[in-house]
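Have a look at the structure below, then the notes.
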Amino acid sequence: MLVVTVDHETLEVRPARFDDICEAVLILVSLIPIGKVSSYSDIGRLLGAHPRLVAQCLMRNKNPIVIPCHRVVRKNGRLGGYSFGGPKIKAKILRIEGALGDSDKPGVPKNAFFRLDELLGSAR
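The sequence shown begins at 157 in the numbering used here and counts up by one.
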């Protein structure tokens, strides 16, 4: 990922830093609608970053409900971690939002996944 900045007449292109990637992760997560989820892998693929880096960025989220990091799960539908109360709280929030049913099956159903790449028109 490259970062381009324009300041008056100066154009700067540089490799993304950790904070730049985290900012992009949080912006993407903010686009996930209520009742839907995305995966660490899908977000990482959009940004050219490893899914674990996505998770590290989400752990730094200072506004956990405003920026809904609870809507990011593993690509197999399992919940993964949640820094703001653990997986049980994450499951409770997702259940309230309608992304996680009351069934005996663990994890999020496939129809709850939101395609950020389609929203953004990405060919990746």
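Using N, Cα and C, we set each Cβ at its ideal position, and we do this for glycine too.
### Message
Since V162 and D176 should fall inside the 8 Å C-beta cutoff, what is the C-beta to C-beta distance between them, to a whole number of angstroms?
### Response
The residue labelled residue 162 in the question sits at position 6 within the sequence shown. The residue labelled residue 176 in the question sits at position 20 within the sequence shown. Actually they are not in contact, since the Cβ atoms of V162 and D176 sit about 15 Å apart, beyond 8 Å.
### Query
Are L214 and V228 close, meaning C-beta to C-beta below 8 Å?
Counting from 1 along the sequence shown, the entry for residue 214 is found at position 58. Counting from 1 along the sequence shown, the entry for residue 228 is found at position 72. Yes. Within cutoff.
### Task
Using the DSSP secondary-structure output, state which residues sit across from D163 in a beta bridge.
Position 7 of the sequence shown holds residue 163. Partner(s): T166.
### Query
Between which two residues does the alpha helix (DSSP H) carrying L214 extend?
Reading the sequence shown from its first residue, position 58 is the one you call residue 214. Residues 207 to 215.
### Query
What do you reckon, are the CB atoms on S194 and L272 nearer than 8 Å?
Here the question's residue 194 lines up with position 38 in the sequence shown. Here the question's residue 272 lines up with position 116 in the sequence shown. Yes, Cβ-Cβ distance for S194 and L272 is below 8 Å.
#### Entry: Proximal residues to I245 (C-beta, below 7 Å), its chain only, five neighbours per side dropped
What you label residue 245 is simply residue 89 of the sequence shown in a count that begins at 1. Excluding residues within five positions, the ones whose Cβ falls inside 7 Å are Y238.
### Query
Across which residues does DSSP place P171 in a beta bridge pair?
Stepping through the sequence shown from its first residue, residue 171 is reached at position 15. Answer is L158.
### Task
Could you tell me which residues DSSP puts in a beta bridge with S194?
Looking up residue 194 in the sequence shown gives position 38. DSSP lists V228 as partners of S194.
### Message
Strictly by DSSP, which residues pair up with F269?
### Response
Mapped onto the sequence shown, residue 269 falls at position 113. Note: F269 sits in a beta bridge opposite V193.
#### Entry: Same chain only: Cβ atoms within 8 Å of L184, ignoring 5 sequence neighbours per side
Position 28 of the sequence shown holds residue 184. Cβ neighbours of L184 beyond the five flanking positions: S194, I199, L202, L203, L272.
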